[in-house]
Structure formats: structure tokens, C-alpha cells
Amino acid sequence: MDAGSCDGCEIEIAAAFHPVYDAEHERYGARLLASPRHADVALVTGPVTRNMAEPLRRTVAAMGEPRPVVAVGDCAVDCGEFAGATASRAPSPTSYRWI
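Each residue of the sequence shown is one higher than the last, beginning at 107 in the numbering used here.
Pasting the structure below:
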């Protein structure tokens, strides 16, 4: 889920599913899904902005148990260059406690 990123991490995630690395097929068995009801893990990119906090909470709540959330990239982990911005929530390790 893009929680307010610059799309740099999404490009890296898409590259992992490119035929060169082939994460999707037989080697690793990972698949990108649009529906949280069918997902095993939620990938979150970008700093969690105030506008995206509630949609992120609802998306993770729609997942089956257990609900692991993986922060991808520096912005998702500690807000990166957006740390302290008024639109950003706390860094992901503390902000994901409310999920």
C-alpha cells in the first residue's frame, strides 16, 4: 500500500517481480495481489501520512489473521526526509502499533 511515497520503493518492488529476478513464479511463490482479503503480508511504502492512516488501518483490518505489515524503504521505516513534517505520522514501527 502506498501511504504517501515518491514511488521509488514501488519501482524496486516491481523490479523484484521482473522476469530477471522472477519472485512471482516457481522460485519463491510470491504474488502481488490487489485485494487485502487474499493477502498474507501487507507491504507499506512511504511515510504514513495523516490522510492515509485510516485507509491503512482499514486495509490491514480486512486481512486475515495473522496480519503482518512490512515497511519497505527508508521513508516507511523512519519517515526519511519527511520526518517531522506536519502531514506525516510517527515513523512506522510506532505508527503500526495502532493497526
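All C-beta atoms in this analysis are idealised placements derived from N, C-alpha and C, irrespective of residue type, glycine included.
Can you give me the start and stop residues for the alpha helix (DSSP H) that residue i sits inside?
{"i": "Leu162", "result": "156-167"}
{"i": "Glu118", "result": "114-122"}
Could you check what DSSP says for residue i in three-state terms: helix, strand or coil?
{"i": "Ala148", "result": "strand"}
Can you name, in chain order, every residue of its own chain whose Cβ lies under 6 Å from the Cβ of residue i, other than the five neighbours on each side?
{"i": "Pro142", "result": "Thr165, Ala168, Met169"}
{"i": "Met158", "result": "Ala109, Gly110"}
{"i": "Gly179", "result": "Cys115, Thr151"}
How should residue i be labelled, buried or exposed, when 16 other C-beta atoms within 10 angstroms of its C-beta is the threshold for buried?
{"i": "Leu139", "result": "exposed"}
{"i": "Ala182", "result": "buried"}
{"i": "Ala145", "result": "buried"}
Only counting the same chain, and skipping five residues up and downstream in sequence, which positions put a Cβ closer than 8 Å to that of residue i?
{"i": "Val176", "result": "Val147, Ala148, Leu149, Val150"}
{"i": "Tyr127", "result": "Ala121"}
Assuming residue i is part of the beta strand (DSSP E), what are its boundary residues?
{"i": "Val175", "result": "175-178"}
For residue i, which residues in the same chain have their Cβ closer than 7 Å to its Cβ, ignoring the five residues on either side in sequence?
{"i": "Phe188", "result": "Pro153, Cys181, Ser194"}
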